[in-house]
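Each remark here refers to the structure printed beneath this line.
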């Protein structure tokens with residue numbers, strides 16, 4: 016009888032302490048989204064310079080918040096390498112679901128500027144987000160006001176996150192030369208809102 020009680024107590028401890036850790040805030044050491052390097056796809060990959068392909072090769076992506084800025088969600092991604100191009104646009108996107116709404120935040124980089132916006136894919140509403148990209152780093156990121164993504168509260172969970180990066184050219188209709196999805200199939204770890 017004592018053994019059964021001990022097993023129940025250990026199980027309760029496991030389910031209340033260990034399991035929620037999987038959905039808490041990520042960081043560079045424990046990102047929500049992981050991907051292997053060297054897996055960029057597309058018909059034109061074999062014709063493009065390797066350094067250009069590295070520009071869209073996602074390594075990992077994580078979500079986080081800070082107590083001094085609780086109204087914003089931050090998402091950071093790490094690439095294999097970053098090089099600049101006069102001719103091509105680069106698109107970095109992160110997708111997730113919250114409260115039955117699919118969201119995507121996208122950064123479009125060109126040699127002369129960076130645009131960043133978040134879209135509710137259910138309503139097709141888009142709003143400006145703040146890009147985190149200095150042009151010389153292999154890090155890209157976003158700052159998103161929580162009001163733009165359904166105003167999640169502490170304890171709410173963003174589910175099924177995944178990221179994509181592509182390189183192309185054109186205005187309006189974009190000719191996609193190569194792309195990467197992270198992870199290659201399925202989704203990353205869910206993220207629990209902290210603040």
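Residue numbers (the working numbering): 16 to 210. All C-beta atoms in this analysis are idealised placements derived from N, C-alpha and C, irrespective of residue type, glycine included. Every value quoted in this text rests on a predicted model; they were computed, and no experiment measured them.
Item                                                                                                                                                            : Value
For the segment 129-138 and the segment 193-200, state whether three or more C-beta atom pairs, one from each stretch, are separated by less than 8 Å.          : no
With three or more C-beta pairs closer than 8 Å as the rule, is the segment 77-91 touching the segment 123-132?                                                 : no
Taking the C-alpha atoms as reference points, what is the distance between residue 110 and residue 45?                                                          : 18 Å
Determine the closest residue to residue 72 out of 129, 206, 116 and 105, with distance taken between C-alpha atoms.                                            : 105
Rounded to the nearest angstrom, what separates residue 162 and residue 142 at their Cα positions?                                                              : 10 Å
Assuming residue 167 contacts residue 113 (C-beta within less than 8 Å), just tell me the rounded distance between them.                                        : 6 Å
Going along the chain, which residues of its own chain have a beta-carbon closer than 6 Å to the beta-carbon of residue 130, five neighbours each way excluded? : 123
Nearest-angstrom Cα distance between residue 92 and residue 154?                                                                                                : 6 Å
Have a look at the DSSP bridge pairing and note the partners of residue 192.                                                                                    : Looking at the DSSP assignment, residue 192 forms no beta bridge with any residue, so it has no partner.
Tell me whether residue 74 is buried or exposed, calling it buried when 16 or more other Cβ atoms sit within 10 Å of its Cβ.                                    : buried
Let me check understanding here. Comparing Cα to Cα, which of 58, 208, 95 and 66 lies closest to residue 174?                                                   : 208
Output the boundary residues of the alpha helix (DSSP H) element that contains residue 65.                                                                      : 65-69
For residue 63 and residue 205, what's the separation of their Cα atoms in angstroms?                                                                           : 34 Å
Between residue 182 and residue 66, is the Cβ-Cβ spacing less than 8 Å?                                                                                         : no
Starting from the Cα of residue 58, find the closest Cα among 68, 51, 52 and 128 and give me that residue.                                                      : 68
With H, G and I counted as helix, E and B as strand and the rest as coil, what does DSSP make of residue 161?                                                   : helix
Could you tell me which residues DSSP puts in a beta bridge with residue 111?                                                                                   : 118
Mapping the DSSP letters down to three states, classify residue 61 as helix, strand or coil.                                                                    : helix
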